[in-house]
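I have placed the structure first, in the form of structure tokens, so that the comments after it can refer back to it.
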Amino acid sequence: MATRHFLSLLDCSPLELQNIIARAIELKAMQKQRIDHAMFPNHVLGMIFEKSSTRTRVSFEAGFAQFGGHAMFLSPRDTQLGRGEPISDSAKVISSMVDIVMIRTFAHSTVEAFAKYSTVPVINALTDVYHPCQLLADVQTFVEHRGSIQGKRVAWVGDGNNMCHSYINAARQFDFELAIACPDGYRPDAQLVEDNAGRIQMTTDPRVAVQGADLVVTDTWASMGQEDEKAERMKAFSGYQVNDELMSRAASDAIFMHCLPAYRGMEIAEDTLDAPYSVVWDEAENRLHAQKALMEFLLKA
Ligand code: CP
Ligand code: NVA
38 MATRHFLSLL DCSPLELQNI IARAIELKAM QKQRIDHAMF PNHVLGMIFE
88 KSSTRTRVSF EAGFAQFGGH AMFLSPRDTQ LGRGEPISDS AKVISSMVDI
138 VMIRTFAHST VEAFAKYSTV PVINALTDVY HPCQLLADVQ TFVEHRGSIQ
188 GKRVAWVGDG NNMCHSYINA ARQFDFELAI ACPDGYRPDA QLVEDNAGRI
238 QMTTDPRVAV QGADLVVTDT WASMGQEDEK AERMKAFSGY QVNDELMSRA
288 ASDAIFMHCL PAYRGMEIAE DTLDAPYSVV WDEAENRLHA QKALMEFLLK
338 A
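So in our numbering, spot 148 of the sequence shown is number 185, and the numbers just go up one at a time.
This is how it looks when you write it as structure tokens:
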């Protein structure tokens, strides 16, 4: 059977995704109760990071250790990846020695190229275009706090970035309605919006997007790789901050998520992360459980 990869949420069927979320919740309970689940002894996870990370690195590395395996951190600074060895050659070699690979990089075409030449499953741990692992954690968190996300209204406020794109795919795969508030010039990919037009509402007004929302989500206004655009972005996004006033326009039991890292006083108010409606710490922890469920799924596929 062909090797399964997870480069976007569209690489799994809606049913497979539901099963991964359910399994993540189970694995979380097992981990909390210290029930042994070292089901992948002598297995190795290769972790290629071309961008910084806290949550992704810690969750993948800790998760694979809990599976009884070993996780290997590979950075372009000290591998031949950083000296121009072709992705195809690197993929053939690395995948001949490890059981599964996760990659965080810039161009989405890099993970696609790696997956093409890899003989083991490849996971997208963030590209400029998508961040699908984060969506597994976000959906798990919503399910734990509010039950099924199917038919709910989700508001995305801010940049039409990699996280926004993954929310669009999630709306399709998990069957929810998505309202997106972005300033002109920072909208998500037009083709992706058009392909999912039936379930997306686009606006430039955050108040319109959050109206009646069950979940409000935002992210940094300047993603990794956009450091040079910071000043102009801060101007373009003023008025897009998630704070108590904006949250008061959402449904009365609405919850708030942010993939983190967050910039207090910018896309969120100083106290948003610790407000009663915020579930960001559970969301961050769930990266661990959701990715363990994902790796188990891919390794057993
Ligand atoms: N949310 C997320 O992916 O965080 P890191 O950049 O710290 O991995
Ligand atoms: N959009 C952010 C997400 C960080 C986890 C970035 O790409 O930097």
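Ideal Cβ positions, reconstructed from N, Cα and C, are used throughout, including at glycine.
Listed in chain order, the non-local C-beta contacts of Asp-242 below 8 Å within the same chain comprise Ala-218, local neighbours out to five positions each way being set aside.
In this structure, Thr-93 has its CB closer than 8 Å to one or more heavy atoms of the ligand CP. The beta carbon of Ala-327 sits no closer than 8 Å to any heavy atom of the ligand CP. The ligand NVA approaches Met-200 closely enough that one of its heavy atoms is under 8 Å from the residue's Cβ. Within a 10 Å sphere around the beta-carbon of Trp-318 sit fewer than 16 other beta-carbons, which makes this residue exposed. Only residues of its own chain outside the window of five on either side were considered, and among them Leu-163, Met-200, Ser-203, Cys-296 and Arg-324 have a CB closer than 8 Å to the CB of Gln-171, listed in chain order. Comparing alpha-carbon positions, the option among Met-109, Ala-144, Gly-105 and Asp-136 lying closest to Ile-124 turns out to be Ala-144. Under a 10 Å Cβ-count criterion, Pro-220 is classified as buried, with 16 or more other Cβ atoms of the shown protein chains found around its own Cβ.
Val-253 and Lys-189 have their C-alpha atoms some 11 Å from each other.
Taking Arg-41 as the centre and dropping the five residues before and after it, the same chain places the C-beta of Pro-158, Leu-335 and Ala-338 closer than 6 Å to its C-beta, in chain order. With contacts defined by Cβ atoms closer than 9 Å, Ile-58 and Ala-330 form a contacting pair. Assignment of beta-bridge partners to Val-159 by DSSP yields Val-138. Scanning Gln-68, Val-138 and Glu-53 for the CA closest to the CA of Phe-104 turns up Gln-68.
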